[in-house]
Amino acid sequence: MFDPRCIDEVGARGRAIRPDVVERGWRADVTKAYRGTILHFTGDPAGGGGNIHLLEDGALVVNEQGLINQVSPWVELPDELRAEAVQDYCDDLILPGFVDTHIHSGQIDAIASPGGDLRDWLESYVYPAERRFADEEYARRAAGDFLDTLLAAGTTTACVHTTTYKASTDAFFAAAYERDLRMVAGKVLMDAGGRADGGPVPDDYLDTDVRQAEDDCRELIDAWHGKGRGLYAITPRFGPTSTVEALRMAGRLFQEYADSGEPIWAQAHLAETRDEVDTVLERFIALKPRSYLDVYDKCGLVGPRSVWAHCLWPDNVYRSGLGGGRDWRLLKERQAGVAFCPTSNLFLGSGLFPLARTRRAGVRVGLGTDVGGGTSFSMLETLNEAYKVMALQGDYLSALRGFYLATRGGAEALHLEDRIGGFQPGNEADFVVLDFAATPLLERRTDAAEGLVERLFALATLGDERATKATYVLGRRAWTSDESHPDHGHPRR
4 MFDPRCIDEV
14 GARGRAIRPD
24 VVERGWRADV
34 TKAYRGTILH
44 FTGDPAGGGG
54 NIHLLEDGAL
64 VVNEQGLINQ
74 VSPWVELPDE
84 LRAEAVQDYC
94 DDLILPGFVD
104 THIHSGQIDA
114 IASPGGDLRD
124 WLESYVYPAE
134 RRFADEEYAR
144 RAAGDFLDTL
154 LAAGTTTACV
164 HTTTYKASTD
174 AFFAAAYERD
184 LRMVAGKVLM
194 DAGGRADGGP
204 VPDDYLDTDV
214 RQAEDDCREL
224 IDAWHGKGRG
234 LYAITPRFGP
244 TSTVEALRMA
254 GRLFQEYADS
264 GEPIWAQAHL
274 AETRDEVDTV
284 LERFIALKPR
294 SYLDVYDKCG
304 LVGPRSVWAH
314 CLWPDNVYRS
324 GLGGGRDWRL
334 LKERQAGVAF
344 CPTSNLFLGS
354 GLFPLARTRR
364 AGVRVGLGTD
374 VGGGTSFSML
384 ETLNEAYKVM
394 ALQGDYLSAL
404 RGFYLATRGG
414 AEALHLEDRI
424 GGFQPGNEAD
434 FVVLDFAATP
444 LLERRTDAAE
454 GLVERLFALA
464 TLGDERATKA
474 TYVLGRRAWT
484 SDESHPDHGH
494 PRR
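Count along the sequence shown starting at 1, add 3, and that's the number in my numbering.
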């Protein structure tokens, strides 16, 4: 299957590349083209074929600033560019870099940990894992490893919960800055649910002073929001570990920066389990909430650039019988985003995300791996699980819509579609090259496929990190599976 025109073959192991190492044959002042099968979207494919942009022999042209210049058929590329500045991925798929709308950097060592339910899993594995980030050297190393693992999976942007430790959030943003990554992240806020009050959280892992937590957030925003490609998200973990005072502080910051013209983001978990919903409605009874989402809304946290993970039980559907319609309408009206996290929802037995319902409601939805509840950093494995979640509800997820959710859909959920998630002129040139022959089984299935759409479905079903041939950040190759690449280290730490 190998075509000798191709200049890259997949090696057995990957190499992360330091940002200061320049690829052979590349000059920073020269436009470069990448040849291959090119797929990107300008909207949800469910809304019509005009949102799908596919070239089976295309050229992705990147300018010297690391921005998309154009996408065109290969035959239309100027002769001088075809002759001198081409990276040939002739047998491969070129996609915008994956966008992970919900993941935890502090849970890299909690992945694949068993738990009876969400609370048991958090208490037994997650909180102990996150407490290790009190060690600043550990936090620094873990941040680098976390980001390198994302790059190896083809993910170039993520919406990230760090930990309650300010220094760990500094370490995360510093590592992302070194790698030129577009990351949305924030220090986890939680000031309730401690063991002294009968909760599962170690008391020394809580924020003990809301004013200090606010000061920490402001210092982090001043240091990192807009530095390089970093974006700050105010990050209350979820209702069960929050007081009204803390949520109102978070909402006040969110609104303050929105009004200033330099908006920040907001993110939290929402209605992941029925027990969580019951706990929240009881904890915040003084607010007279009609739903879990209403608690966040009454505290000023629901709006554009807010991202809500899970949303499995909107409007308390298991006890209200309302079907989630009011919550979906509010999320649409406020232009909020939702993270569909199929792998963790299945792993923890939390429920099935109603993707078809969100489509009808017009809600912005992206995919989230939710590591460490999710069991893989790979967006391809996440697509595989998303298909099954839909099938269990009698619905169908096409390969094209799946890849939309993993790229443009995630960018839309984060309100970053003008910068990432596609190949429109001026977009940031973050992209991933996927190998249709990454494993013997995938190669065999690809050879038997009738047409490209079937090949895409096979890739989404059988693929994982091994399918990532290369990951590019601002037009620079940031990760490669090619062992022969001249750099044998990791991004500088």
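Every residue gets a Cβ at the ideal spot worked out from N, C-alpha and C, and that includes glycine.
Predicted, not measured: the structure shown is a model, and the values here were computed from it.
Measuring only the C-alpha atoms, how far is residue i from residue j?
i	j	result
Tyr-399	Leu-465	17 Å
Asn-319	Gly-254	23 Å
Asp-485	Asp-95	14 Å
Asp-88	Thr-34	Correcting the residue identity first, residue 88 is Ala in this sequence and not Asp. Taking the straight line from one Cα to the other gives about 7 Å.
Asp-103	Arg-122	24 Å
Leu-150	Ala-177	11 Å
Gly-28	Gln-90	Residue placement at Gly-28 is flagged as unreliable, the pLDDT there being 36, under the threshold of 50; the coordinate-derived value follows with that caveat. Using only the alpha carbons, I get a separation of about 10 Å.
Arg-480	Lys-230	21 Å
Met-252	Leu-296	17 Å
Pro-205	Leu-304	26 Å
Val-247	Ala-195	10 Å
Asp-120	Ala-36	49 Å
Arg-30	Tyr-475	Caution applies to Arg-30, whose pLDDT of 39 falls short of 50 and renders its modelled position unreliable; the value that the coordinates give is listed next. Taking the straight line joining both Cα atoms gives about 15 Å.
Trp-482	Gly-118	33 Å
Asp-200	Pro-239	19 Å
Phe-287	Arg-458	49 Å
Leu-57	Arg-143	40 Å
Asp-183	Thr-160	10 Å
Glu-126	Pro-203	5 Å
Leu-455	Ser-75	18 Å
Tyr-407	Leu-370	10 Å
Lys-472	Asp-438	6 Å
For residue i, which residues in the same chain have their Cβ closer than 6 Å to its Cβ, ignoring the five residues on either side in sequence?
i	result
Ala-261	none
Ala-359	Asp-398
Gly-69	Ala-432, Leu-477 and Gly-478
Pro-292	Val-298
Thr-172	Thr-165, Lys-190 and Leu-223
Ile-10	For Ile-10, the pLDDT reaches just 27, beneath the cut-off of 50, and the residue's location in the model is therefore unreliable, although a value from the coordinates is still provided. Around Ile-10: Asp-91.
Cys-302	Leu-250, Arg-251 and Gly-254
Gly-425	His-43, Pro-99 and Arg-411
With which residues is residue i paired in a DSSP beta bridge?
i	result
Cys-302	According to DSSP, which records beta bridges pairwise, Cys-302 is partnered with nothing at all.
Cys-162	Val-187
Lys-35	Val-65
Ser-108	Per DSSP, none; premise fails for Ser-108.
Ala-463	In DSSP, Ala-463 forms no bridge with anything.
Trp-268	Ala-236
Ser-353	Looking at the DSSP assignment, Ser-353 forms no beta bridge with any residue, so it has no partner.
His-228	Answer is none; His-228 lacks a bridge partner.
Asp-438	Asp-95
Gly-197	Val-204
Gln-338	According to DSSP, Gln-338 bridges with nothing at all.
Val-74	Leu-63
Ser-484	DSSP output for Ser-484 lists no bridge partner at all.
Thr-40	Leu-96
Ser-309	Ala-269
So, for residue i: in the same chain, excluding its five sequence neighbours on each side, which residues have a beta-carbon less than 7 Å away from its beta-carbon?
i	result
Gln-73	Val-64 and Pro-428
Ala-236	Cys-162, Val-187, Ala-188, Gly-189, Ile-267, Trp-268, Ala-269 and Gln-270
Thr-228	Contrary to the premise, residue 228 reads as His rather than Thr in this sequence. Hits under 7 Å: Leu-234, Tyr-235 and Ile-267.
Leu-395	Leu-355
Lys-169	Lys-190, Asp-219 and Leu-223
For the beta strand (DSSP E) containing residue i, list its first residue and its last residue.
i	result
Pro-99	89 to 99
Asn-319	Counting along the chain, Asn-319 falls outside any beta strand (DSSP E), and DSSP gives it neither H nor E.
Asp-278	Taken as a continuous stretch (DSSP letters only), Asp-278 belongs to no beta strand (DSSP E), being part of the alpha helix (DSSP H) at 277 to 286.
Ser-171	Not the beta strand (DSSP E): Ser-171 falls in the alpha helix (DSSP H), residues 169 to 181.
Leu-370	367 to 370
Please go through the same chain and pick out, in chain order, the residues whose beta-carbon is closer than 8 Å to the beta-carbon of residue i, but skip the five residues on each side of it.
i	result
Phe-350	Gly-376, Gly-377 and Thr-378
Asp-6	Its pLDDT being 35, under 50, Asp-6 is placed unreliably in this model, and the value from its coordinates should be taken loosely. Answer for Asp-6: Cys-93 and Asp-94, listed in chain order.
Val-213	Asp-194, Thr-246, Glu-248, Ala-249 and Met-252
For my contact list, residue i and residue j are in at a C-beta cut-off of 8 Å; report their separation, rounded to the angstrom.
i	j	result
Arg-404	Ala-49	6 Å
Arg-232	Arg-185	4 Å
Val-366	Lys-335	5 Å
Leu-383	Ala-452	Rounded, the Cβ-Cβ distance is 16 Å, inconsistent with contact.
Gly-100	Gly-53	So it is not a contact: roughly 23 Å between Cβ atoms.
Asp-330	Pro-317	4 Å
Thr-342	Ala-312	A quick correction: the sequence has Ala, not Thr, at residue 342. Ala-342 to Ala-312, Cβ: 4 Å. Contact.
Gly-61	Gly-46	With a Cβ gap of about 19 Å, Gly-61 and Gly-46 do not count as contacting.
Ala-414	Val-310	Not confirmed; about 12 Å, so no contact.
Leu-153	Phe-380	6 Å
Is residue i near the ligand ATP, going by C-beta to nearest heavy atom under 7 Å?
i	result
Asp-433	Only the bare structure without any ligand can be found here, which leaves the ligand ATP out of the picture.
What residue range is occupied by the uninterrupted alpha helix (DSSP H) comprising residue i?
i	result
Val-392	382 to 395
Gly-454	Premise fails: Gly-454 is in no alpha helix (DSSP H) and is neither H nor E.
Ala-249	247 to 263
Gly-147	139 to 155
Ala-473	Ala-473 -> not in any alpha helix (DSSP H); beta strand (DSSP E) instead, spanning 471 to 476.
Asp-403	Looking at the sequence itself, residue 403 is Leu, so the reference to Asp does not match. Per DSSP, Leu-403 belongs to the alpha helix (DSSP H) from 402 to 407.
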